[in-house]
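So the structure is just underneath, and the comments pick up after that.
Below you can see the structure in the form of structure tokens.
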């Protein structure tokens, strides 16, 4: 059954296969975003702008806390794809069973940690008093769902490694319908407010986690999951960590800078928070669409690296950069020119919309640079080099944003001063990552060419 969902990434024309891989992944990412978008729209239209700000103010914090652990799923993805491309069955089996077990363990730890310290962290972010109680309630319920959220991401990483992006899409479609229905029921019928949308999100994600895990259980061959064989294989875990931990730290680095940015936005009040929440949520659809090509690049690069077909790796990066640019520019300009209409999906308050348009002016138009940056990072991770992009990100992204917000922002206290850090750091990191990949991969090719001569 699983074989009809597999994609041979190491032979034949690449463009069509990349599109077949990326489109379901793009739609899956957008469906995941719809979980949060429905939360935001239902809360904003049915509860109020204070509740909207409460949900929005939790985004940067949840990304910060779970980002480190989610990064480990990148290690699972790369390890399984490299093993699949090279035909190493045992390596893939060890990675599958180790990954599923650690996803459940890490998810349980995060659930306890997030529930206990939710309000403390929101206080550190200077979350306004009229928002913090509702934000804390939403965050606590969300963190209770961490085990299923983690399980879904690790199990999906295994399926992506063999080219299966269609079944996760089908499962997310089912979960998305459940999420919409439960959102409306919990808010409009049960009057649970932000607690209701959090409960709906967790239940729907539990459904998708169960379905994608069931795929592994029913699969035959390399990716088959047997719960009786779940065990943490030491060497496999170390390899997952060596690739995934730097990826996770890189995600944390971005989140730390985003937490600082969120704290700066919080200083402008609840209308600015609500406007930023709505605008950033719309921008997330662009980011998710472009991220599909980042994931495509990781998997195609990993399989071809395992098969030692280096010429296809260069071609993959070029094609992904082109597709990312086309999608990113088209969606970014659409938000810039039609932002006022789109923001009315979230709120009818003119002040909130005005603040959302400010973000579009500085971020949406240039977001494709961030997508291109991620594509190059995907090439580095695909060849097993995850530490290098982490170092570049710490320097070019987090370092610059911290310095900017600590020095320039206090002197020019405007939202534009905050938002302009995004396009600047995207561009700097893109250039730095591209230079690093060219140098690193050229050395790998020369090293292997030297071995063949011997």
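Residue numbers (our numbering): 607 to 1060. We treat Cβ as the ideally placed atom computed from N, Cα and C, and that holds for glycine.
With 16 or more other CB atoms across the displayed protein chains lying within 10 angstroms of its CB, residue 974 is buried. Boundaries of the alpha helix (DSSP H) around residue 889: 876 to 912. If you draw a straight line from the Cα of residue 1018 to the Cα of residue 1025, it is about 12 Å long. Residue 1041 sits in a helix when the DSSP states are folded into three classes. Nearest neighbour of residue 727 by Cα position, chosen from 882, 700 and 741, turns out to be 741. In this structure, DSSP gives residue 739 a helical state, which the three-state scheme calls helix. Around the Cβ of residue 736, a 10 Å sphere holds fewer than 16 other Cβ atoms; the residue is exposed.
Within the same chain, Cβ atoms closer than 8 Å to the Cβ of residue 1039 are found at 979, 982, 983, 986, 995 and 998, the five residues on either side in sequence being excluded.
Look at residue 832 here: in three-state DSSP terms it is coil, with no helix or strand label.
With a beta-carbon spacing of about 4 Å, residue 852 and residue 992 fall inside the 8 Å limit used to define contacts.
Taking C-alpha positions only, residue 686 is separated from residue 731 by approximately 38 Å. Cβ contact annotation for residue 680 (same chain, cutoff 8 Å, sequence separation greater than five): 763, 849, 850, 853, 854, 904, 987 and 992, in chain order. A distance below 8 Å between beta-carbons, with the five flanking residues on each side excluded, links residue 721 to the following residues of its chain, in chain order: 746, 749 and 750.
With 16 or more neighbouring CB atoms inside 10 Å of its own CB, residue 655 falls in the buried class. Linking residue 650 to residue 657 through their CA atoms gives a straight-line distance of about 7 Å. The beta carbon of residue 798 sits closer than 6 Å to the beta carbons of 792 from its chain, once the five residues preceding and following it are set aside; these are given in chain order. Beta-carbon to beta-carbon, residue 1021 and residue 964 are separated by about 5 Å, close enough to satisfy the 8 Å threshold.
Leaving aside the five residues that flank residue 1007 on each side, the residues in its chain whose CB is nearer than 8 Å to its CB run, in chain order, 863, 866, 867, 1027 and 1031. Around the CB of residue 795, fewer than 16 other CB atoms lie within 10 Å, so the residue is classed as exposed.
The closest CA to that of residue 765, considering only 826, 620 and 859, is found on 826. Taking the C-beta atoms as reference points, residue 929 is found no nearer than 8 Å to residue 892. Annotation: residue 945 to residue 895 spans about 18 Å, alpha carbon to alpha carbon. About 15 Å separates the CB atoms of residue 775 and residue 815; that is not less than 8 Å, and the two are not in contact. CA-CA distance, residue 624 to residue 759, rounds to 21 Å. Annotation for residue 951: 647 place their beta carbon closer than 7 Å to its own, counting only its chain and skipping 5 residues before and after. Assigned with DSSP and collapsed to three states, residue 968 falls in helix. The three-state reading of DSSP puts residue 1049 in helix, counting H, G and I together. Closest option to residue 780, judged by alpha-carbon separation, among 931, 813 and 943: 813. Note on geometry: alpha-carbon atoms of residue 838 and residue 832 lie some 13 Å from one another. Going by beta carbons, residue 971 and residue 939 fall inside the 8 Å limit. Per DSSP, the unbroken alpha helix (DSSP H) holding residue 977 starts and ends at 973 to 988.
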